[in-house]
Structure formats: C-alpha cells, structure tokens
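Enquirer: Just dropping this structure here.
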Amino acid sequence: MNHGHKENEEPAMPQILPARNADAPRRSLPMGISESMSDDNQRLLEELHTRQDALDQQTQLMRQLQTALQRAQATNQELALVADRVTDAILICDANRCISWVNPAFTRLTGFTLTECHGQLPEELLSGPHTDAAVVAQINQNLAQGASVERLEVCHHRKDGEPFWVRRSVQPVHGPEGQISRYIEVLTDITEPRRAEAEHARRLEAEVALAGKVEFLGRMSHSMRSPLNAILGFTQLLDMADLQQLPESQRRHLQHIATAGHQMLSLLDQALEFAQLDDKAVGIRPQRVEVAVLLREIRAALEDEAKAQSITLVIDCPPMTAWADGQHTRSILTNLVRNAIQYSSEGSTVWLTGKPAPDDRMGIVEVRDQGFGIDQSDLPRLFQPFTRLDSSRGRHHGNGLGLAVSQRLAELMHGRIEVTSTLGHGSVFALHLPLAEAQGVGRPVGRGQEPAVMLPPLRIVHVEDNALNRSLVEAVFAAYPQVRLFSAESAAEGMAAIESHRPDVALIDINLPDGSGLDMCRKLRAQTDFRKLPLLALSADALPDHIARALQTGFNHYLVKPLQIPRLLGILSTLPTQQAAPPTR
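Just so we're aligned: 801 in my numbering is position 423 of the sequence shown, and the numbers increase by one with no gaps anywhere.
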C-alpha cells in the first residue's frame, strides 16, 4: 500500500531559505515540520543556515571592500592629479631605492621618462661631473640609517648632460610591521636662484676688483699729476708771456714740452676713465652743450699740436646745442681730433663739422682727416680696449684706450660713435648726441662768463704742502699787483692764515701732511665768519666720487691738477670780495 503516496513520486526535500542578514535573528522551523524531520535532516538544515550566514557576511564584506576601493581609487586619482600638476619633481622608489614612479614635472626637469628611469637608482641616473660626491654620500648615509633627507642642495645633470640645481627631500615610508616599504622624494628646481646668486657673487667680486683698480689708478694719477701740474703750469705761464724774445728753436722746445705734457695728461685721464666705465661712480650730468663753441675751444687747445705737423684745423658748424655731459663730450671730441692730427699727412687739413640728423633728434659732430685711412677688416676692432692697429698708419702708437673710452662714454650719454674710412683716403669719425631741443630742454638764459684775465683786488690764502705747486700759484699772481697772496704749508698754518688775514677766497689742497682739506672745509663752514667764504679745492685727486664728496662737504669749486690757469682766473674774476670784519687783536 502506498498510504496516500502516488507510485514513483520522489520524497519531498526540505526548502532552502533565502539568504538573510547575518545579524538577523535565527529563524526556527514551524513546529510541524520540525517534528516530522529526522535528526539528520534537521542537522543538514542547520548547516545550510550556518553557511548562508557566512555567505551573507562575505557578501557584506565584499560590498564594504568595494566601497573602500572606490574611495581609494578616487583618492589616488586626486593625488595623481595633484602630482601631475605640481611644479616640483616627485618620484617614488621601492625599498631598494629603485625608481618605480615619477610625475610629469620630473620628466620636464630631467628629460627622463618613467620608462627610461624605472628600476634605476636616482643618484646613478642624475649624477654627473658637477655633482658633489659628498652630498650624495650624505643622502645615502641618512637613508641607510632610516632617516629622512631634508632640503639638501645638489647639482645634477639632465638627460642631455646639462647641469641643474635642486633642493632634495626624501621621506621613507614604513609598512605595517615597521619596515621601510618605499621612499617618496621631492626635487625642487633652484637652478635660476643659484645662477642669480652666483652672478651676484661674481658682480660683488668684480666690484671689489674694480674698486681696487680704480683706487690704484687714482693714487697713480694723483702722484703723476703733481709733477705735471708744475710742468704744464709753468709752460702756461711762459705761453702767456711775450715769447717773441725767445729764439725760434726755444719756442719750439717749449711747444714740444707742452704737447708731451698734455699727451701724458690725456693718457692719465683715459686710463682713469676706462677703469670707471662700468662703475656706478661715473657721473653723467646732462647739460646744454654749445657744440660750435666747444669745437672752437678744442681747436684752440690743440692748435699748437696741429701746427707742429703743419696741419690746419677747420671748423664748419652752425649753432647747435647737444644735451650731454659737457666734460665727457669735450674728452671724446678732443680724443677724436687728436687722433686725426696724429694720423694725418703733414700739410693736410682736419675738418670739424656739425649738423643735425635728418630726424632733428640727434646732432652729428664729424671729425674728418686726410690721413692713411683704415682697412675695412680693421674697423670692427677699432673700439676694442687695448687694441691698436698697424702702427705704420701714423706717427704715434697710442695705448689702444682712447676710442674704447670714447665709445663707452658716448653710449652712457645715449649716443654713439660711427666711423667710415677708405684706405689711402682718410677717415670720418662721427659722434652722435641727443639735441637739447629734442629733449624738451628750455633755452639757457645765457652762457657762463668766459675766463677773464683781469682780477679785482683780492686777498687769497693758498694752502699747499708741495713747494713747486706753491711756486706755480705765486708765479700766476705775480702779474696781478692788486692780489695779495698768503701761502701756508699745512692745515694748521692754513687755518691760522685764514683767521688772521680774513681772505676773499681760499685755495686748499685736499691731501695735507697734518690733515685733510675736507676737514678744513668742515671747520670753516662751522664758523659764522667763514660760512660763506669761497673755497676752491686744488687737488691731484681726479676720481669723480672724491670730487663729489668735496663739493658736498662745502667747497665751491674743485680744480683738478694740472691746474688750468685760465679757468682759475675765470672763477676768481667772478667772486665778490669778502665782507668779513678785520681780525681783532
């Protein structure tokens, strides 16, 4: 009998429950089913429930892991985006310090891609001839001891061999058990700051060297100007006297002395100017320069030199006013004219001409000679310092400084010198300078008074320790009976003479055996009676900053030795007499 069961029907299997949350309370079987199940089936069902719970837990854990992975991927993407955009080079190395990843900034800095540098040691990849081995050793020592590297500066080399400077920082990263798992390194490019620092150091070194050179040349110039002061000063006195009583041969000898003295002075001036060409102390003081007047003055100064070679100086210049430093412009044109005289054929002509440029913004002053001319291949070397062309071109060799100095001075005044020449047909040197009208400079009220030879009655105290220089000044004023000259050999004697004689003007040397002319000036300016006393510095010190210091101290004028007697007389002719009361006794 089948007792209600159909034939061939399989026995019913227990139902498998759907997956449930592991934290849900365990469900018991309905009473009827539980009673009707055998013990084996009931154990099987319990095992199924247990496995279902484990599966539920694994599913939940997988979901949590998936969420964490998504978050990590998002964070990694953000970090990668930051690493890609930072300007510092970043590289990650494994525990053996081999490169495993670099950012684009590393490739831009070094030239190495990740493929090229993967698996290599940073030091071996980047070191080169300029890399300091001691710094690399320090980096390796720190990392071997488990320490970090903080901002060490070292020179490395790019893929193409070009050196560059970086500031390196390396941080070890430790794993769960404390072991180093990798290194993160940051390279900050400091090439430009280091170059700027090196350039600044070179500039300071050059300035120190330049200051020493200028100081040496200043002392040499001072030492040589003192004897030149006597040579040229007494020559000027003889030239101002009636020379017709002298034989022609002696007049020529006197002319040769003057020419040689001025040439030596020119060499001193050129050497001193050349030493200061890159010095901030070189003063460019733009002013209105009447070019035609300046050319006439230069012709008068060099006419004797020209006559000695039977050379005629001809001026053709309409009224034209340049905006330039008057002293430097005179120096440039004097050098150009002197060169034209030296390199011209005997009996020829040198033309000094001036004209505005077509745009009326620049003035052009040309010095044209009929000399030997210059080969076209030599023209580029003309303005190089210490460069002298074939000495057969003229009678004088020169020192190769004049044109280099002149060109640099012209550039400092926003001008230039150009040259055109044909071998065998002479040369033209053209000085271009800004015109005053083009600079918006108003017209002057009038020109300064020319040096005069007539002097009012004056009482003069002259303070000078050099006997020859005192004799020169005494000889200058011997022709003026209305002038009373009191000489002193030291600062102390000079102060006593000024307080005793109450002069109209004092001529004071700067370097005195018992003090400085600057100290004398300060003391006099501090006294009410002498606060307005005209003070003239007569010194062989020709450095511009020393001249400026003397004028700032209180000197009214500064005359550089060798003394230009007409200029001294011109200044004295304009001074009012001192109004101080006579000294009390």
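All C-beta atoms, glycine included, are put in the ideal place defined by N, C-alpha and C.
Whose C-beta lies closer than 7 Å to the C-beta of Leu950 among residues of the same chain, with five residues either side of it excluded?
Expert: Contacts found: Leu833, Leu836, Val883.
Enquirer: Buried or exposed: Met440, going by 16 or more other Cβ atoms within 10 Å of its Cβ?
Expert: Under this definition Met440 is an exposed residue.
Enquirer: With DSSP as the reference, identify every bridge partner of Arg794, one or two as the case may be.
Expert: The partner list for Arg794 (beta bridge, DSSP) reads His810.
Enquirer: Check this for me: beta carbons of Arg529 and Ser505, under 7 Å apart or not?
Expert: Contact: no.
Enquirer: Taking the alpha helix (DSSP H) that Thr485 belongs to, which residues open and close that run?
Expert: Per DSSP, Thr485 belongs to the alpha helix (DSSP H) from 482-488.
Enquirer: In the DSSP assignment, what are the bridge partners of Phe542?
Expert: DSSP lists His534 as partners of Phe542.
Enquirer: With three or more beta-carbon pairs closer than 8 Å as the criterion, would you say the region 844-859 touches the region 868-877?
Expert: Taking 8 Å as the limit for Cβ pairs, the verdict is that the region 868-877 does not touch the region 844-859.
Enquirer: So Met898 is in the alpha helix (DSSP H); what residue range does that whole segment cover?
Expert: Per DSSP, Met898 belongs to the alpha helix (DSSP H) from 895-903.
Enquirer: What whole-angstrom Cβ distance do Leu921 and Gly596 have, given they're in contact under 8 Å?
Expert: The pair is a contact, with the Cβ atoms about 5 Å apart (cut-off 8 Å).
Enquirer: Would you tell me roughly how many angstroms separate the C-alpha atoms of Ser723 and Leu582, rounded to the nearest one?
Expert: Cα-Cα distance, rounded: 47 Å.
Enquirer: Can you tell which of Ser601, Ile568, Leu499 has its C-alpha closest to the C-alpha of Arg560?
Expert: Considering only alpha carbons, the answer is Leu499.
Enquirer: In this structure, how does DSSP classify Met740 when only helix, strand and coil are distinguished?
Expert: Looking at Met740 - three-state DSSP - the assignment turns out to be strand.
Enquirer: Tell me, to the nearest whole angstrom, how far the beta carbon of Ser715 is from that of Val667; I am working on the premise that it is less than 8 Å.
Expert: The displayed chain sequence assigns Val, not Ser, to residue 715. With a Cβ gap of about 16 Å, Val715 and Val667 do not count as contacting.
Enquirer: Can you tell me the Cβ-Cβ gap for Ile943 and Gln614, rounded? I've got them flagged as a contact below 8 Å.
Expert: With a Cβ gap of about 5 Å, Ile943 and Gln614 count as contacting.
Enquirer: With a cut-off of 8 Å, do at least 3 Cβ pairs link the region 513-521 to the region 535-552?
Expert: Contact holds: three or more Cβ-Cβ distances are below 8 Å.
Enquirer: Indicate whether Leu896 and Leu916 have their beta-carbon atoms separated by less than 7 Å.
Expert: Not in contact: Leu896 and Leu916 (Cβ atoms no closer than 7 Å).
Enquirer: Please report the residue range of the alpha helix (DSSP H) in which Lys709 lies.
Expert: With the sequence shown as reference, residue 709 is identified as Ser, and Lys is not the correct amino acid for it. Here the alpha helix (DSSP H) through Ser709 covers 704-720.
Enquirer: When burial is assigned at 16 or more other CB atoms within 10 Å of the CB, is Ser709 buried or exposed?
Expert: Per the 10 Å Cβ criterion, buried.
Enquirer: Does the region 573-581 touch the region 894-913, meaning 3 or more C-beta pairs lie closer than 8 Å?
Expert: With a cut-off of 8 Å, the region 573-581 and the region 894-913 do not count as touching, because too few Cβ pairs lie within range.
Enquirer: Look at the alpha carbon of Arg677 and the alpha carbon of Pro881, and state the distance between them as a whole number of angstroms.
Expert: One C-alpha to the other measures close to 37 Å.
Enquirer: When the Cα of Val743 is compared with those of Ile693, Asp753, Arg786, Leu632, which residue comes out closest?
Expert: Closest option to Val743, Cα to Cα, is Ile693.
Enquirer: Between the C-alpha atoms of Ala808 and Phe761, what's the straight-line distance to the nearest angstrom?
Expert: In a straight line, the C-alpha of Ala808 is about 13 Å away from that of Phe761.
Enquirer: Along the chain, where does the alpha helix (DSSP H) that runs through Lys733 open and close?
Expert: Note, Lys733: premise wrong, no alpha helix (DSSP H); beta strand (DSSP E) at 727-734.
Enquirer: Going by Cα to Cα distance, which pick from Gly804, Glu585, Glu789 is closest to Pro812?
Expert: Nearest option by C-alpha distance: Glu789.
Enquirer: Since I believe Phe490 is in contact with Leu503 (beta carbons under 8 Å), could you give me their beta-carbon distance rounded to a whole number of angstroms?
Expert: Correct: roughly 7 Å between the Cβ atoms.
Enquirer: Along the chain, where does the beta strand (DSSP E) that runs through His935 open and close?
Expert: Segment 935-938, the beta strand (DSSP E) holding His935.
Enquirer: For Gly741, tell me which candidate among Leu890, Ala814, Leu624, His600 has the shortest Cα-Cα distance.
Expert: Of the listed residues, the one whose Cα sits closest to Gly741 is Ala814.
Enquirer: Just the C-alpha distance for Leu801 and Ser644, rounded to the nearest angstrom, thanks.
Expert: Taking the straight line joining both Cα atoms gives about 27 Å.
Enquirer: By DSSP, does Leu916 sit in helix, in strand, or in coil?
Expert: Of the three classes helix, strand and coil, the one that applies to Leu916 here is strand, per DSSP.
Enquirer: Measuring straight from C-alpha to C-alpha, what distance separates Glu681 and Leu902?
Expert: Using only the alpha carbons, I get a separation of about 42 Å.
Enquirer: Please report the distance separating the alpha-carbon of Leu914 from that of His935.
Expert: Leu914 and His935: Cα-Cα distance of roughly 5 Å.
Enquirer: Closest to Val938 by C-alpha separation, out of Gly932, His924, Ile558, would be which residue?
Expert: Checked all of Gly932, His924, Ile558; the closest Cα to Val938 is His924.
Enquirer: For Thr566, which of helix, strand or coil comes out of DSSP?
Expert: In this structure, Thr566 counts as strand in the three-state DSSP scheme.
Enquirer: Is it true that the CB of Leu941 sits closer than 7 Å to the CB of Gly639?
Expert: It is not a contact, given that the beta carbons lie outside the stated cut-off.
Enquirer: Give me the DSSP bridge partner(s) of Arg880.
Expert: Paired residue(s): none; Arg880 is not in a bridge.
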